[in-house]
Amino acid sequence: MPTATLARTSAHNRRMRLLHTMLRVGDLQRSIDFYTRLLGMKLLRTTERPEQKYSLAFVGYGTNPDHAEIELTYNYGVDSYELGTAYGHIALGVADVYGACEKIKAGGGNVTREAGPVKGGTTVIAFVTDPDGYKIELIQRDD
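Each residue of the sequence shown is one higher than the last, beginning at 1 in the UniProt record's numbering.
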C-alpha cells in the first residue's frame, strides 16, 4: 500500500471510535438504577424530549470520547420490547466476577450464568440480564 494511503487510513482510524450503544427500555429509572447501583456505572447526563415523546439517560464508567457510553432510551407509553434473536450481549470487564454476581443478586438482579471459568479455558465469566432482558457478560480482568 502506498505511504500516502497508509497515512490517510491511519488518520481516519484515529478519528473513529465507539461512542455509545443505545438500548430501548421500558422504565428509565429502573434501568438507571440497575446500571448505576448494581454495575457501578455513573449517570452521565439525561435529556427530556416531551414534544417527541422520549427521554434519554446516558450511563457509563466515564464520558466520551475516552469511554464508550450506554444510551438508555425510554419512548413514552412503551413498557417492553421484543429483543429478537440478532442481539448478543454487552461485555464488561470487572475485577471480581464472583463478587459482582453476589452484588447483583443481593440487589435483586438476575444472574443467568453463574461465575466460573469459560468452557475449555480459564477466563472467569458470568452472564446477567438487565431489567429489560438485555444480556451482559461479565469478564474478570486485572487491569
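Ideal Cβ positions, reconstructed from N, Cα and C, are used throughout, including at glycine.
From a predicted model like this one, the values you see are computed outputs, not experimental measurements.
Ile-139 has its alpha-carbon roughly 31 Å from the corresponding atom of Thr-47. In this structure, the straight-line span from the alpha carbon of Phe-34 to that of Tyr-74 is close to 15 Å. For Lys-105, the three-state secondary structure derived from DSSP is helix. Taken in chain order, the complete alpha helix (DSSP H) segments of 4 or more residues contained in the UniProt domain "VOC" (17-141) are 28-33 and 97-106.
Taking the CA atoms as reference points, Leu-28 sits about 7 Å from Leu-72.
Taking the C-beta atoms as reference points, Ala-100 is found nearer than 7 Å to Val-94.
Contact between Val-128 and Ala-115 is ruled out by a C-beta separation of about 10 Å, above the 8 Å threshold. Take the alpha-carbon of Gly-84 and the one of Tyr-134: they are about 11 Å apart.
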